[in-house]
Amino acid sequence: MPLTAYSASREMELDVDQLLTHLAHQSQHPQLPSNVAIPDAWKLAIAQDISCPSCFCQGAEVVRGTAAGAKNKRQAFFRFTTGGGNPGHHPFCDFSGNVPAGHVPENLVQFSNPKDGLSKAVRVLVCKGISLGIFHQRDIRAMREWFFHKKVGSQFVVSLDPRIVRWIAVLQRQRLWIHDGGDEALDFTPELMALPVFDAKHAARVILTNQHRALLDLLFENRIHVFQDVERITKSVEQSQSQSVFDPSILQTEFRKTLQLARFIGTSYLPISTHVKSHSWVHTPKGGRFMLAFTSLLLFVSGWDMKRAWEAFVRIAKDESAVDETLGNAIGLNPFHDFEVWPVIKFLQELPSDLLPTEKEMLEQPATLDGLVAKLRQGG
Ligand SMILES: [Zn+2]
């Protein structure tokens, strides 16, 4: 259940308390104490004006937080009802299903809540961008809507056997030991394999690589390196089995531009680069997410034109006026959360079946080379 939601009439993202303050002010009503029921007219206005931050459904109700000092603390949140013409959350909405109150989907970035130096520095850029009129909260909402439609329009159902991911990862890792070419001619006899001075495991690697060379070459040509990210890929496959998920390959161009802009700012703009600690910083769950949300927003309002986005960034960087931090109370979007994982999953599950391991092979090899070594020694 979202803690903040978008008010169409105010063109801004609000939490429950901010919304009730706005409504009190608008109807010249004193601030509503937490033990006083919300007037029916306000409830009606909320249902019509507030929309879900992910799927934009209406029919919002507010669930108020517990009073200060209460035993069981609960934050105020928005709930989206069904019935009365309201369909409730879209099935692909990040808040559909039984999500707990206060759940923040991993692709949404709360600019209001930076946790480290890098995300705080990005928040300043967002506030300046809004104060200079380069983008507004309504643009942030429009970008989320653009992304939601992309997501709904590009889906695939996960059917990949997670064991195949691990099998391919081990196969690719073994491949790293092999030099290219010529070793098809080598004959590994049982006598040779039994010699104590001979590394039978390496012979097993060569045989395995030769057996699956077509698959390994295809993966290499398509830059699919499963072994580098095997845990993340396997976890995503297991969690999404038989579910329809977003196929982000349609956003490759946007992803490349966003990364390029983020990396350039991250290495050349001192207020950001002083917080950059590693080469993979853009993929970190903290500051990296903030930066991708900011740079993709800059590109979005610039029609994904790199030159225009860069000019907009330079205007922000040159601005020396004081920062109004309240402007950054918005939920941004990192459309590229886990972006690398899903195209890999799709690629693997579309592999021709003759390239995939048989059930027997998955059980025997290459999770361990020992079984193959034993077979080779027996002349198998
Ligand atoms: Zn929703």
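Just so we're aligned, residue 0 is where the sequence shown starts under numbering that gives the first Met the number 0, counting upward by one. All C-beta atoms, glycine included, are put in the ideal place defined by N, C-alpha and C. Being a predicted model, the structure only gives us computed values, none of them experimental.
For the beta strand (DSSP E) containing residue i, list its first residue and its last residue.
i	result
R78	F76 to F79
Q381	Given that the chain is displayed from residue 0 to residue 379, the structure contains no residue 381 and the question cannot be resolved.
F155	Q154 to V156
F245	S243 to F245
V61	A59 to V62
By a C-beta neighbour count over all protein chains shown, 10 Å radius and 16 as the cutoff for buried, is residue i buried or exposed?
i	result
L13	buried
Q132	It is Gly, not Gln, that sits at residue 132 in the sequence shown. The residue in question, G132, is exposed, as its Cβ has fewer than 16 Cβ neighbours within 10 Å.
N333	buried
E253	buried
N112	exposed
K359	exposed
T273	exposed
T294	buried
T257	buried
W176	exposed
T233	buried
N328	buried
D35	It is worth fixing the name first, because residue 35 is Val in this sequence and not Asp. Under this definition V35 is an exposed residue.
H336	buried
I249	exposed
V196	exposed
Q25	exposed
If I measure Cβ to Cβ from residue i and keep anything under 7 Å in the same chain, skipping five residues before and after, which residues do I get?
i	result
N221	F346
S301	R307, A308 and A311
M142	L296, F299 and L332
A7	D48 and S50
When the Cα of residue i is compared with those of the options, which residue comes out closest?
i	options	result
P189	L215, L2, T3 and A373	A373
L31	Q251, R63, M0 and W176	R63
T4	W166, G83, Q47 and A23	Reading off the sequence, residue 4 comes out as Ala, not Thr. Residue Q47 is the option with its Cα nearest to A4.
S153	V123, A329, F91 and R172	F91
L355	G96, L159 and I45	L159
V108	R122, S130 and R172	R122
M305	I37, F289 and F263	F263
A316	T325, P270, H336 and L326	P270
F245	G116, K149, G287 and F219	K149
Name the two residues that bound the continuous alpha helix (DSSP H) containing residue i.
i	result
E220	R212 to E220
E190	P189 to A193
F293	G286 to V300
I45	D39 to D48
I249	Unbroken run through I249: none, as it is neither H nor E.
I382	Outside the displayed range of the chain (0 to 379) lies residue 382, so it cannot be described from this structure.
S118	G116 to S130
S235	V229 to Q238
M305	M305 to K317
T20	V15 to Q25
S272	L269 to S272
A168	P161 to R174
Looking only at its chain, what residues have a beta carbon closer than 8 Å to the beta carbon of residue i, apart from the 5 residues adjacent to it on each side?
i	result
G101	M0, L2, Q74 and F76
L297	G128, I133, F134, L260, A308, A311 and F312
M192	A199, A202, V372, L375 and R376
S241	V156, V157 and S158
By Cβ distance, which residues of its chain are closer than 6 Å to residue i, with the 5 residues on each side in sequence left out?
i	result
V15	V61 and A75
T266	S272
L22	W41
T81	G87
Please tell me whether, using a cut-off of 7 Å, the distance from the CB of residue i to the nearest non-hydrogen atom of ligand 3 is below it.
i	result
E310	Although ligand 3 was asked about, the structure shown includes only ligand 1 as ligands.
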